[in-house]
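Residue numbers are given in my numbering: position 187 of the sequence shown equals residue 365, and the series is strictly consecutive. Read the structure below first, then the notes.
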Amino acid sequence: MYTNPEKQNRLEKLAKLKELGYHPYPAKFNKTSLVSEITQLEDTKPCQTAGRLMTLRDMGKICFAHIQDESGRAQVVFQQDEVGKDVYKTIVSLLDLGDHIGVSGEIFTTKKGEKSLLVKEFSFLGKALLPLPEKFHGLSDQETAYRQRYLDVISNEETRKRFIFRSNLIKALRQFYWDNGFMEVETPTLLHKATGANAQPYHTHNNALDMDIVLRISHELPLKEIIVAGYDKVFELGKAFRNEGQDPSHLPEHTHLEHYAAYWDYQDNIAFTEKMFEYLFDTLALPKVMNIKNKDGELKEVDWSTPWKKINYIDLVNKDSGLDILSYTDADALRKDLKKKKIEFDGMESMGLSTLIDYVYKKVSRPKLINPTILYNYPKSLQPLARVNDENNAIVDQFQLVVNGWEILKAYSELVDPVDQRARFEEQSKAKSA
Numbered sequence: 179m180y181t182n183p184e185k186q187n188r189l190e191k192l193a194k195l196k197e198l199g200y201h202p203y204p205a206k207f208n209k210t211s212l213v214s215e216i217t218q219l220e221d222t223k224p225c226q227t228a229g230r231l232m233t234l235r236d237m238g239k240i241c242f243a244h245i246q247d248e249s250g251r252a253q254v255v256f257q258q259d260e261v262g263k264d265v266y267k268t269i270v271s272l273l274d275l276g277d278h279i280g281v282s283g284e285i286f287t288t289k290k291g292e293k294s295l296l297v298k299e300f301s302f303l304g305k306a307l308l309p310l311p312e313k314f315h316g317l318s319d320q321e322t323a324y325r326q327r328y329l330d331v332i333s334n335e336e337t338r339k340r341f342i343f344r345s346n347l348i349k350a351l352r353q354f355y356w357d358n359g360f361m362e363v364e365t366p367t368l369l370h371k372a373t374g375a376n377a378q379p380y381h382t383h384n385n386a387l388d389m390d391i392v393l394r395i396s397h398e399l400p401l402k403e404i405i406v407a408g409y410d411k412v413f414e415l416g417k418a419f420r421n422e423g424q425d426p427s428h429l430p431e432h433t434h435l436e437h438y439a440a441y442w443d444y445q446d447n448i449a450f451t452e453k454m455f456e457y458l459f460d461t462l463a464l465p466k467v468m469n470i471k472n473k474d475g476e477l478k479e480v481d482w483s484t485p486w487k488k489i490n491y492i493d494l495v496n497k498d499s500g501l502d503i504l505s506y507t508d509a510d511a512l513r514k515d516l517k518k519k520k521i522e523f524d525g526m527e528s529m530g531l532s533t534l535i536d537y538v539y540k541k542v543s544r545p546k547l548i549n550p551t552i553l554y555n556y557p558k559s560l561q562p563l564a565r566v567n568d569e570n571n572a573i574v575d576q577f578q579l580v581v582n583g584w585e586i587l588k589a590y591s592e593l594v595d596p597v598d599q600r601a602r603f604e605e606q607s608k609a610k611s612a
């Protein structure tokens, strides 16, 4: 016996359904139409579909209900004269919101103008033993929505559409890469060392080999090895793991996209990125102007139209801070001058020079970048393993796409001189030891 009265009531209804000869959870149903097709088909057209029962209103000898599947929600109508008195009684007395049902019949339009399905045959497909979230407000608790995402999808149409959009986005991304001559590859998730980013990895152990290993924090090194092997263009879309804090733009387990193209520089990648976004917006029929929340949760109007503005990172930070950031070689000197300018932020007392410069940018410049903006020309100290600019060895050929304060992606011309790279690695090792 269950102590939850709602669950106990539903179990009793389930027992009665069995007594009436209904299979409680049948193996299959021949679903030939999506629920949304009810609203699209012409009157008198036949339709057979299935979904979750979301509303149910008994009017005596006629009952109005809404069912829902991944495509959306539509009205189905049960009439006692159509389905029979016994079946009608079963529907109104033994069904609960959340149950799965199958229906077949013909399309008609109600007096209120709503396209509906007049049910001729009814199939019971599964009893839900727990109630759905409160019907008028849906799933409003954010913590529950994140932890029990299936309830969020059932209750909130916006969430359901978001997951469909995500699937279509991934499909379009892959198609774009294939159309542009890239080969999709899959590289190891378990590695001896975490490489490709500055992040804390997850540690685990391989029992068969008695060896400690880590989950990857990036796809970078294996993809570069594939380029070394002789493939010109490769990409990978897969999970990466970073054992750190989380916020709306950082998840410990996230979907990670990287590509590498031999013989390209960062300018080629800038052009490729704009081309990619143009393709995605056209393929997915997205509006170029939309409202996007910034890091403070404020909605801002963003125009994705290309070409995007290109801004020199160093010039931007110099202008917004009133300091020549490239002239500093000592963190304390920069920290002192920042305080004179009344530019302060948490943790600045313990930051090294490169981190300090990065946080100055995040404080005085990044919040102002609303429309998609390409930042380029970064101090070498911020990306020590990127290719140095041929005309100025204090900067590297790197760019970043920033939208309404969010850093969407970054890339740089790869450092391919092995002697230079070895020297940079040694410099990084010394810095880490210090």
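Ideal Cβ placement from N, Cα and C applies to all residues, glycine included.
When the Cα atoms are used, Arg188 and Val254 turn out to be separated by approximately 22 Å.
Thr233 sits exposed, since fewer than 16 C-beta atoms from the chains shown fall within 10 Å of its C-beta. DSSP places Thr451 in the helix class (H, G or I) of the three-state scheme. A direct Cα-Cα distance of roughly 13 Å separates Leu593 from Ala439.
Comparing alpha carbon positions, the residue from Leu458, Arg235, Gly416 closest to Phe343 is Leu458. Counting only residues of its own chain and dropping the five nearest sequence neighbours on each side, Leu310 has a CB closer than 6 Å to the CB of Leu275, Gly276.
The beta carbon of Lys402 is closer than 7 Å to those of Tyr438 in its chain, skipping five residues each way along the sequence. Between Gly283 and Lys298 a beta carbon distance of about 4 Å is seen, short of the 8 Å cut, so the two are scored as contacting. When C-alpha distances from Gln226 are compared across Glu569, Phe207, Glu362, the shortest belongs to Phe207. Within 10 angstroms of the beta-carbon of Thr210 lie fewer than 16 other beta-carbons, which makes it exposed. Under DSSP, Gln578 forms a beta bridge with Leu553, Lys588. A distance below 6 Å between beta-carbons, with the five flanking residues on each side excluded, links Ala372 to the following residues of its chain, in chain order: Pro379, Val392, Ile395. Of the candidates Arg544, Leu308, Asn571, Asp595, Arg544 places its Cα closest to the Cα of Ile489. Taken in chain order, the unbroken stretches of alpha helix (DSSP H) that lie wholly in the segment 503 to 564 and span 4 residues or more are 509 to 518, 531 to 542. The continuous beta strand (DSSP E) containing Glu431 extends over residues 431 to 439. Secondary structure of Ile216 (DSSP, three-state): helix. Under the DSSP assignment, Gln257 falls in the beta strand (DSSP E) whose first and last residues are 250 to 257.
Here Arg340 carries a helix assignment [DSSP, helix/strand/coil].
Put simply, the segment 255 to 269 touches the segment 236 to 245. At least three CB pairs are less than 8 Å apart. Annotated as distal: Ala564 and Val580, with beta-carbon spacing of 9 Å or more. The residue from Gly262, Leu501, Phe242 with its alpha-carbon nearest to that of Lys289 is Phe242. In this structure Leu429 is not in contact with Ile348, their Cβ atoms being roughly 16 Å apart against a cut-off of 8 Å. As the crow flies, the alpha-carbon of Ser427 is around 9 Å from that of Ile586. For Arg230, the enclosing beta strand (DSSP E) begins and ends at 224 to 236. For Asn384, the beta-bridge partners assigned by DSSP are Met389. For Asp247, the enclosing beta strand (DSSP E) has its first and last residue at 240 to 247. For the options Leu547, Ser532, Leu212, Tyr537, the alpha carbon positioned closest to that of Pro557 is the one of Ser532.
Residue pairing for Val281: DSSP places it in a beta bridge opposite Thr227, Phe300. By the neighbour-count definition (other C-beta atoms within 10 Å, threshold 16), Phe354 is a buried residue. Per DSSP, the unbroken alpha helix (DSSP H) holding Asp598 starts and ends at 596 to 611. Boundaries of the beta strand (DSSP E) harbouring Lys411: 411 to 419, taken from the DSSP string. In the DSSP assignment, Asp481 falls outside any alpha helix (DSSP H) and within the unbroken beta strand (DSSP E) covering 477 to 481. Counted as a single uninterrupted DSSP element, the stretch harbouring Val566 is not any alpha helix (DSSP H), since DSSP gives it neither H nor E. Between the segment 501 to 516 and the segment 471 to 490, the count of Cβ pairs shorter than 8 Å is below three; the stretches do not touch. The criterion of a C-beta distance shorter than 9 Å is not satisfied by Leu534 and Lys519. According to the DSSP assignment, Val467 belongs to the beta strand (DSSP E) that extends over 467 to 471.
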